[in-house]
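Letter by letter, the sequence shown follows residues 375 to 578 of our numbering.
Even for Gly, the Cβ is constructed at its ideal location relative to N, Cα and C.
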Amino acid sequence: MKLTTTTMVTVDGVMQGLGGPDEDRSGGFERGGWVAPLFDNEAMAFLNQVYQRADAFLFGRRTYEIFAGSWGTWADPGDNPIWEALNTKPKYLASTTLTDPKWANTTVLSDDVAAAVGDLKAKPGGELQVHGSGALIRWLLENQLVDELTLLVCPVVVGQGTRLFPDTGPDAALELVDSRSTPKGVTIQIYRPTGRPQYETVTT
């Protein structure tokens, strides 16, 4: 399986609390729910297509708890590709603190996560998808386990909150595979990691 990540971020890179004002208030975040006014039909259609390709999901703990408390508790709305994928496909949780997940069809990866993810990627199938899960994405990039990285950049600056890429972290060179924009200005950028970046050296 190909490991892909899909993240919705603001122009200033914030990924926290996108779904609603009370989705994630950790760290005193007070500007949640920023995605709804900007997410048009074209962006939604793209996201539905992403979820329809999923063969399995890999989550970090915080995103897993948010998804389990929403998508995992809602009744089947009928004809919703996101609900169907999340509630019928296998889910894997990378966590050493959440050991007894209640969302059906969840397996906890708590020991050698890199080896476990490698085993998952070696299975036949289409995509092992990561949604949200910023800390996990950074760890996967650092361990060169990401095959494709998709950013949906929403035209808003929120000025606070957890960013996908903070001030310090792993570096990665990226090849742009596809780029498009929606009528409301969401830019969809698909990248393929190509190893470590090349930096200019100082000459004397």
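8 Å Cβ cutoff met for residue i and residue j
{"i": "Met-375", "j": "Ala-419", "result": "no"}
{"i": "Phe-413", "j": "Lys-465", "result": "no"}
{"i": "Ala-546", "j": "Leu-510", "result": "no"}
{"i": "Asn-422", "j": "Pro-455", "result": "yes"}
{"i": "Leu-548", "j": "Thr-561", "result": "no"}
{"i": "Thr-437", "j": "His-505", "result": "yes"}
Cα-Cα separation, residue i to residue j
{"i": "Pro-411", "j": "Gln-534", "result": "18 Å"}
{"i": "Thr-381", "j": "Gly-492", "result": "21 Å"}
{"i": "Val-551", "j": "Leu-523", "result": "10 Å"}
{"i": "Val-385", "j": "Arg-427", "result": "27 Å"}
{"i": "Arg-435", "j": "Phe-441", "result": "10 Å"}
{"i": "Gly-394", "j": "Val-530", "result": "15 Å"}
{"i": "Ala-417", "j": "Trp-513", "result": "27 Å"}
{"i": "Ile-344", "j": "Trp-408", "result": "Any property of residue 344 remains undetermined from this structure, which presents the chain solely from 375 to 578."}
{"i": "Leu-525", "j": "Asp-474", "result": "31 Å"}
{"i": "Thr-470", "j": "Asp-398", "result": "21 Å"}
{"i": "Trp-457", "j": "Val-576", "result": "52 Å"}
{"i": "Ser-484", "j": "Leu-472", "result": "9 Å"}
{"i": "Gln-572", "j": "Pro-540", "result": "20 Å"}
{"i": "Val-383", "j": "Ser-400", "result": "17 Å"}
{"i": "Ser-480", "j": "Pro-498", "result": "The sequence shown places Thr at residue 480, not Ser. So the alpha carbons of these two residues sit roughly 19 Å apart."}
{"i": "Arg-566", "j": "Asp-450", "result": "34 Å"}
{"i": "Glu-404", "j": "Gln-503", "result": "28 Å"}
{"i": "Glu-501", "j": "Asp-521", "result": "10 Å"}
{"i": "Thr-578", "j": "Ala-488", "result": "41 Å"}
{"i": "Glu-574", "j": "Asp-396", "result": "44 Å"}
{"i": "Gly-402", "j": "Gly-443", "result": "20 Å"}
{"i": "Gly-452", "j": "Asp-486", "result": "38 Å"}
heavy atom of the ligand FMN below 7 Å from residue i C-beta
{"i": "Glu-416", "result": "Only the bare structure without any ligand can be found here, which leaves the ligand FMN out of the picture."}
Segment limits, alpha helix (DSSP H) that includes residue i
{"i": "Thr-437", "result": "435-444"}
{"i": "Asp-493", "result": "487-496"}
{"i": "Leu-514", "result": "508-516"}
{"i": "Val-504", "result": "Val-504 -> not in any alpha helix (DSSP H); beta strand (DSSP E) instead, spanning 501-505."}
{"i": "Phe-420", "result": "415-426"}
Option in the options with minimal Cα separation from residue i
{"i": "Thr-447", "options": "Asn-454, Asp-398 and Trp-477", "result": "Trp-477"}
{"i": "Asn-517", "options": "Pro-544, Pro-498, Gly-499 and Ser-553", "result": "Pro-544"}
{"i": "Val-424", "options": "Thr-378, Tyr-573 and Thr-556", "result": "Thr-378"}
{"i": "Glu-439", "options": "Leu-460, Cys-528 and Asp-450", "result": "Leu-460"}
{"i": "Ala-496", "options": "Leu-519, Val-388, Thr-481 and Val-482", "result": "Leu-519"}
{"i": "Gly-387", "options": "Gln-503, Gln-572 and Gly-508", "result": "Gly-508"}
{"i": "Val-527", "options": "Asp-521, Ser-553 and Leu-502", "result": "Ser-553"}
{"i": "Leu-515", "options": "Asp-450, Arg-570, Gln-390 and Glu-404", "result": "Arg-570"}
Residue range of the beta strand (DSSP E) that includes residue i
{"i": "Met-382", "result": "376-384"}
{"i": "Leu-523", "result": "522-528"}
{"i": "Thr-481", "result": "480-483"}
{"i": "Arg-566", "result": "561-567"}
{"i": "Ala-468", "result": "465-468"}
{"i": "Glu-397", "result": "Looking at the DSSP string, Glu-397 is not in any beta strand (DSSP E), and its letter there is neither H nor E."}
{"i": "Val-551", "result": "548-555"}
Three-pair Cβ contact test at 8 Å for the region 453-464 versus the region 527-543: no
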